[in-house]
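Per our numbering, residue 1 is the first one in the sequence shown, and the count goes up by one each step.
Heads up: the structure comes next, in structure tokens.
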Amino acid sequence: MSKFLNARIAALTAYVPGEQPKDQKYIKLNTNESPFLPSPKARKMAKSELKKCMLYPDPDCKELLSAIAVNTDMGVENIIVTNGSDEVLNFAFMAYCDENSPALFPDITYGFYKVFADLNGVPKKEIPLKADFTIDLAEYEREEGVIFIANPNAPTGLALPVSAIEKLLQANPERVVVVDEAYVDFGGESCIPLVKKYDNLLVTQTFSKSRALAGGRLGFGVASKGIIEDLNRIKYSTNPYNVNRVTAAAGTGSMLDNGYFKKCCEKIIRTREWAKSQLRYLGFTMTDSKANFLFVKHDKIGGEELYLALKERGILVRHFSQERICDYNRITVGSRKEMEILVKTIGEIVCER
Ligand code: PMP
1 MSKFLNARIA
11 ALTAYVPGEQ
21 PKDQKYIKLN
31 TNESPFLPSP
41 KARKMAKSEL
51 KKCMLYPDPD
61 CKELLSAIAV
71 NTDMGVENII
81 VTNGSDEVLN
91 FAFMAYCDEN
101 SPALFPDITY
111 GFYKVFADLN
121 GVPKKEIPLK
131 ADFTIDLAEY
141 EREEGVIFIA
151 NPNAPTGLAL
161 PVSAIEKLLQ
171 ANPERVVVVD
181 EAYVDFGGES
191 CIPLVKKYDN
201 LLVTQTFSKS
211 RALAGGRLGF
221 GVASKGIIED
231 LNRIKYSTNP
241 YNVNRVTAAA
251 GTGSMLDNGY
261 FKKCCEKIIR
271 TREWAKSQLR
281 YLGFTMTDSK
291 ANFLFVKHDK
301 IGGEELYLAL
311 KERGILVRHF
321 SQERICDYNR
331 ITVGSRKEME
341 ILVKTIGEIV
351 CER
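Here's what the structure looks like:
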């Protein structure tokens, strides 16, 4: 750190992304990527866009917005596209949180919310999940501030019904509610239709998981026209070209290829449920994850111990040291073959104990 860094950034604890080691080939089940290739249409459109890379991209990403608008049944004025959904989430912290309006989010959730609050110098309040890891939305109503809920939540994978979020919106029309739907395509229920009724709702989604474009960095927000204008004000004040043209083309191709998208999601869901039953058989307990990951623990093996034993055998999963969840590991649902190897390896580790 240099002596020039301002105090706010110097005090910041940066987000730690999941490991991307290059020392050996691992079965990577630690960052919730898709085991599938991006859609053939996405790849074709991205490839043909490469030859236009001497030109800046369309800052409005019109084609991509139109494709998302069709798939979400919303207007283009209700959508913003960003460099991963991380960017639209950060925009929301920048736009709506301040000393009078802290960020409210669960104590166990996506780790970036805390970082975005600190980065933007806004107060935050972490609201404990219930003992069973579910979110008690009534707790949020007791506090002032902007609400950030991942639905399904990470790393628990637990989903709230849309009706519960609608109740929250109904009772809180004067504050912004952000619903992060990074994992919604694996069995959750989207709040996007509620945007037509509630002008204080921002729903964010990503192309990184269900659309197999994590490396493209593409996400989007859906909200009332006013909220989208707010977020665009930030986008045009930071980086109007936040989505590069190759990624925009890939995203458009993906949105035009719903058949492929659906098939991939169905496969992940099937494999997830298969892996759940296998791990239960091996003595694991777990949440009823509706995401593309499992959140599991075993009475006889500590969370970190299992993480290290798997790593030693060439399988990466995600372990969090936070006290409430340190007995657990979050395991991405990979291909069926990868999950068969995982189950077999875990079986061996359990037998050795
Ligand atoms: N929200 C949640 C809950 C996530 O787990 C992630 C991925 N780490 C994101 C948002 C951001 O994803 P991306 O920036 O790749 O769209």
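In this text, a Cβ means the ideal position worked out from N, Cα and C, and glycines have one as well.
Within the same chain, ILE349 come within 6 Å of ALA309 by CB-CB distance, once the 5 residues on both sides are set aside. Shortest Cα-Cα distance from VAL122 to any of GLY84, ALA159, THR332 and VAL146 involves VAL146. VAL184 is positioned such that its CB atom lies no closer than 8 Å to that of ILE149. Shown here, GLN170 sits in a helix according to DSSP, grouped into three states. Cβ neighbours of CYS326 within its own chain (closer than 6 Å, five residues either side excluded): GLY303. Within the same chain, Cβ atoms closer than 8 Å to the Cβ of THR271 are found at VAL333, GLY334, SER335, ARG336 and MET339, the five residues on either side in sequence being excluded. Here the distance from the Cβ of TYR96 to the nearest heavy atom of ligand 1 is not below 7 Å. Three or more pairs of CB atoms, one per stretch, sit closer than 8 Å, so the stretch 41 to 49 contacts the stretch 240 to 251. Per the C-alpha coordinates, the member of ASN239, LEU169, LYS263 and PRO128 positioned closest to THR82 is ASN239. For the pair VAL203 and SER224, the CB atoms are not nearer than the 8 Å cut-off.
In this structure ARG330 touches PRO155 by the C-beta definition: roughly 4 Å separates them, less than 8 Å. The Cβ atoms of LEU89 and TYR140 do not sit closer than 8 Å to each other. Going by C-alpha positions, ASN120 is about 7 Å away from PHE93.
By the beta-carbon neighbour count (other beta carbons within 10 angstroms, threshold 16), PRO35 is buried. LYS290 is a Cβ neighbour of PHE186, given a cutoff of 8 Å.
In this chain, the beta strand (DSSP E) harbouring ARG330 covers 328 to 332.
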